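All remarks here apply to the structure that follows.
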Amino acid sequence: MFDGKAAIRSLLPEELEAELKALGEPSYRAKQVFSWLSRGAESFDGMSNLPKQLREKLKDRYYLAAPEVLRKQVSAHDGTVKYLWGLSDGNAVETVVMQYHHGNTVCISTQVGCRQGCAFCASTIGGLVRQLEPCEMLEEVMFSEKDSGLKISNIVLMGIGEPLDNFDNVIKFLRLVNCPEGMDIGMRHISLSTCGITERFDKLAALNLQLTLSVSLHAPDDETRSRIMPANRGRGVSALMDECERYYRQTGRRISFEYAMIDGVNDSDAQAKLLAQHAKRISAHVNLIPLNHVDESRLRPTPPERLRRFKELLEREGVNVTVRRSLGGDIDASCGQLRKKAAAGRA
Ligand code: SAH
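Going by full-length UniProt numbering, the sequence shown opens with residue 1, and the numbers climb by one from there.
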């Protein structure tokens, strides 16, 4: 709800049709409205093929707006574009558009802030402020594409927030962005990243979406993982691996482990071997990420030589492993940094 009105861009075509039917409108009107909404309409007044009376009715009942570009940074190195979007209530979230060989990928936020408290992550510093609505996530994709002129083909839910902590809104967003009449982005082109809210894995698996589940593992043992990721406390790596295996069996979709390499914390030979065991058990892909610098944190990235050795150890064990190419290093592209600096008046 915005100003006591329902967000019209959060409605699926069938929901919109039902709402318009209740207003006495024929079903082709819903198609017309959905088409305007999917093309990034910012007001009802611009919907020129609707009768004025209907536009007024919609205006009275529904909320429609676009997020405002508070800040935009373009990397001189690789064309990565980063947005700080101003939302209708004065909050702000970040979205990053990256140009990969396999297509343009948008990294979106799913919450304003985050309550997970990971030691290496800038997004969590001020805690959780509020959930994002389905339309707000959709608008991150839609308006990033519109403003940058870069056609989006892939989405990763790896910006600010924990997607499984905003489950219903995230699922609704996925259905909206996947709509053939809308942005039509295939589920196989979407990755959902989680710190491991295992209570939601079954519910997600049951939906049988064809998306990729990425699990932010970052440590293969409880001592280290609980230290850097509070979400591990009370759950544990072993239970997480059991849930990953269940998810893999239920969906047939391989899981990806995200692993940010932190100097002297999670990069030992023993940890590589334990990580390999976990990955092999469920044929998971391991994505090693050079740690991004966060001002407030004393954690440092693993030196390149050690990262290479860690990767080799995994390969020797037969694990499918990649090192994430770092994009946008000159523009604070890792999540949470821009919002934090803007809040502190430094952006
Ligand atoms: N809450 C979700 C998604 C958002 S974070 C999750 O935990 O997966 C997206 C990814 O970026 C996660 O793998 C997260 O652990 C990682 N990340 C956060 N801060 C980072 C940093 N400073 N360097 C490298 N990766 C980081």
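Here a beta-carbon is modelled for each residue, glycine too, at the ideal position from N, C-alpha and C. Only a predicted model underlies this, so the values are computations on that prediction, with no experimental measurement involved.
(request) Step through the CB atoms of chain B and report whether any lies within less than 7 Å of the CB of Asn292. (result) Considering every chain present, this structure includes no chain B. It has just one protein chain.
(message) Rounded to the nearest angstrom, what separates Ala7 and Ile160 at their Cα positions?
(response) As a position in the sequence shown, residue 7 is number 7, starting the count at 1. As a position in the sequence shown, residue 160 is number 160, starting the count at 1. Straight-line spacing of the CA atoms in Ala7 and Ile160 works out to 22 Å.
(request) For the segment 125-176, list the alpha helix (DSSP H) runs that are entirely contained and at least 4 residues long, ordered along the chain. (result) Look at the segment 125-176 and you find these whole runs of alpha helix (DSSP H), each 4 residues long or longer: 134-148.
(request) Using 10 angstroms around the beta-carbon of Gly4, count the other beta-carbons present and answer buried if the total reaches 16, otherwise exposed. (result) As a working note, residue 4 is residue 4 in the sequence shown. Exposed, because fewer than 16 other Cβ atoms sit within 10 Å of the Cβ of Gly4.
(message) Between which residues of its own chain and Ala65 is the CB-CB distance below 7 Å, once the five residues before and five after are set aside?
(response) Here the question's residue 65 lines up with position 65 in the sequence shown. Glu42 and Ser88, listed in sequence order.
(request) Go through its chain and collect everything with a Cβ distance to Gly46's Cβ below 8 Å, but skip five positions before and after it. (result) Position 46 of the sequence shown holds residue 46. Same-chain partners within the cutoff: Trp36.
(message) Can you find the residues in the same chain that come closer than 7 Å, C-beta to C-beta, to Gly236, ignoring five residues on each side of it along the sequence?
(response) The count along the sequence shown starts at 1 and reaches residue 236 at position 236. Contacts found: Asp222.
(request) Decide if the segment 114-125 is in contact with the segment 171-185; the criterion is three or more beta carbon pairs, one per stretch, under 8 Å apart. (result) Touching, no.
(request) Would you please state the rounded distance, in angstroms, between the beta carbons of Val286 and Val319? I believe it to be under 8 Å. (result) Taking the sequence shown and counting its residues from 1, the one referred to as residue 286 is at position 286. Taking the sequence shown and counting its residues from 1, the one referred to as residue 319 is at position 319. With a beta-carbon spacing of about 6 Å, Val286 and Val319 fall inside the 8 Å limit used to define contacts.
(message) Determine whether the beta carbon atoms of Val96 and Gly113 lie at a separation below 7 Å.
(response) Here residue 96 refers to the residue found at position 96 when the sequence shown is read from its first residue. Here residue 113 refers to the residue found at position 113 when the sequence shown is read from its first residue. In this structure, Val96 lies away from Gly113, with their beta-carbon atoms at least 7 Å apart.
(message) Could you tell me which whole alpha helix (DSSP H) segments of length 4 or greater appear in the segment 205-230?
(response) Along the length of the segment 205-230, whole alpha helix (DSSP H) runs at least 4 residues long occupy 222-228, reported in chain order.
(message) I'd like to know whether the C-beta atoms of Leu217 and Tyr259 end up nearer to each other than 7 Å.
(response) Indexing the sequence shown from 1 puts residue 217 at position 217. Indexing the sequence shown from 1 puts residue 259 at position 259. Against a cut-off of 7 Å, the Cβ pair of Tyr259 and Leu217 comes out as a contact.
(message) To the nearest angstrom, how far is the alpha carbon of Glu139 from that of Arg316?
(response) Locating residue 139 in the sequence shown gives position 139, counting from the first residue. Locating residue 316 in the sequence shown gives position 316, counting from the first residue. Taking the straight line from one Cα to the other gives about 43 Å.
(request) Figure out for me which residue from Glu68, Ala279 and Lys203 has the closest Cα to the Cα of Gly86. (result) Here residue 86 refers to the residue found at position 86 of the sequence shown. Answer by Cα proximity: Glu68.
(message) Suppose you measure from the CA of Pro13 to the CA of Asp60; what does that come to, to the nearest Å?
(response) Position 13 of the sequence shown, counted from the first residue, corresponds to residue 13. Position 60 of the sequence shown, counted from the first residue, corresponds to residue 60. Straight-line spacing of the CA atoms in Pro13 and Asp60 works out to 20 Å.
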